[in-house]
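Participant:
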Amino acid sequence: MDISPVGVDSTTVRSLRRHPESGHGPDTPATPFRHRNYRPEHHISHTLGTSNVRRTTLAPGLLLAAAALTACNPNPAAPAPTTPAAVPPSAAPATEQAPAAANRTAELPDFTGQGLQVAQDKAQSAGFYSLHSHDALGRSRAQLDDLNWKVCSQTPAAGQRSINVAIDMAAVKLDEQCPATDQGASTPSAGSSMPDVKGRSAAAVRDLLPRNTSLTIKDAAQSRAVLVESNWQVCSQSPAPGTELTGQPITLKVVKFGETCP
1 MDISPVGVDS TTVRSLRRHP ESGHGPDTPA TPFRHRNYRP EHHISHTLGT SNVRRTTLAP
61 GLLLAAAALT ACNPNPAAPA PTTPAAVPPS AAPATEQAPA AANRTAELPD FTGQGLQVAQ
121 DKAQSAGFYS LHSHDALGRS RAQLDDLNWK VCSQTPAAGQ RSINVAIDMA AVKLDEQCPA
181 TDQGASTPSA GSSMPDVKGR SAAAVRDLLP RNTSLTIKDA AQSRAVLVES NWQVCSQSPA
241 PGTELTGQPI TLKVVKFGET CP
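The structure is reproduced here in structure tokens:
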């Protein structure tokens, strides 16, 4: 006789008896088979569905998004207005003192016979800074090394002068003699006619002619290349002195200073 629990058919009973791994004998009440990691709360969550779980997971994300929107305010507060810096009272008298500085005078020394570099240093020590120099022989040489030049004359002369006056020193090289008069004080332009340039340096002639003049300079003695025009003097010229200048080319025949023209 097969006695089965109430509400359980004989098929279920036989199935339970055929599974000794369930650990239940014929006299042990049958229980449903469960996984060893089974937890009741898992079953409950699956039974309730995933909608509640999603709402719980999304809640922190919504809080973070709200915080980000608060930080990125599209309408930032207007910057605080800046107040212009106050001008210190001591700055006002500077404007009043400027005319007095412009009219200041000092004693300008006599630089004649001194080295060009020494003369310029003394001028600056006395308060004069607008300093210029030129070739007293009229050869248009540049004073590249002031230590190799000496002062022949100066403009203006020594005396009480404004510290803003421009000082021009006529100079020659140390082994040269100063001319009786300054030959390089000014370089007049050629004007409308060709001047007499015999004996002048080729560089000085170039300076007095219009800048667009076509000028040819040739060695009159040995067909040498004329590299430094201030070292060469004119022996002959074409066109002749007094010829009207209408844009025609000009030719100079030259030799080095110290040489005799052929």
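Quick note on numbering: our numbering labels position 98 of the sequence shown as 98, and the sequence is numbered without any gaps. Ideal Cβ placement from N, Cα and C applies to all residues, glycine included. Here the structure is a predicted model, which means the values were calculated and not measured.
Please check the pair A119 and F128, which I expect to be a contact at CB under 8 Å, by giving their CB distance rounded to whole angstroms.
Facilitator: Actually they do not touch by this definition, with Cβ atoms about 11 Å apart.
Participant: Could you compute how far the alpha carbon of D196 sits from the alpha carbon of S236?
Facilitator: 9 Å
Participant: In the DSSP output, which residue or residues are listed as bridge partners for E176?
Facilitator: In the DSSP output, where bridge partners are listed per residue, E176 has none listed.
Participant: Under the three-state reduction of DSSP, which class applies to R206: helix, strand or coil?
Facilitator: helix
Participant: Please identify the residue among T155, K198 and Q222 whose C-alpha is closest to the C-alpha of H292.
Facilitator: Because the chain is modelled from 1 through 262, residue 292 falls outside the range shown and cannot be assessed.
Participant: Is A220 near the ligand COA, judged by its Cβ being under 7 Å from some heavy atom?
Facilitator: The ligand content of the structure shown is nil, which means the ligand COA is not present either.
Participant: Please report the straight-line C-alpha distance between E244 and I250, rounded to a whole angstrom.
Facilitator: 12 Å
Participant: According to DSSP, simplified to helix, strand and coil, what is K198?
Facilitator: In this structure, K198 counts as coil in the three-state DSSP scheme.
Participant: Checking 8 Å against the spacing of the C-beta atoms, do C152 and V172 come in under that value?
Facilitator: yes
Participant: E229 by DSSP, collapsed to three states: which one?
Facilitator: helix
Participant: I'd like the span of the alpha helix (DSSP H) that includes A119, first residue to last.
Facilitator: L116 to S125
Participant: Quick test of the definition: if touching needs 3 or more C-beta pairs under 8 Å, does the stretch 198-206 touch the stretch 220-234?
Facilitator: yes
Participant: Report the rounded CA-to-CA distance for Q248 versus T181, giving the unit in angstroms.
Facilitator: 33 Å
Participant: Which residues in the same chain have their Cβ closer than 7 Å to the Cβ of R141, if we skip the five residues on either side of it in sequence?
Facilitator: D135 and S230
Participant: Considering only residues of the same chain and omitting the five flanking positions on each side of P262, which have a CB-CB separation below 6 Å?
Facilitator: A220 and A221
Participant: Does Q177 pass the burial test, meaning 16 or more other C-beta atoms within 10 Å, or should it be called exposed?
Facilitator: exposed
Participant: What's the C-alpha gap between R104 and S192?
Facilitator: 44 Å
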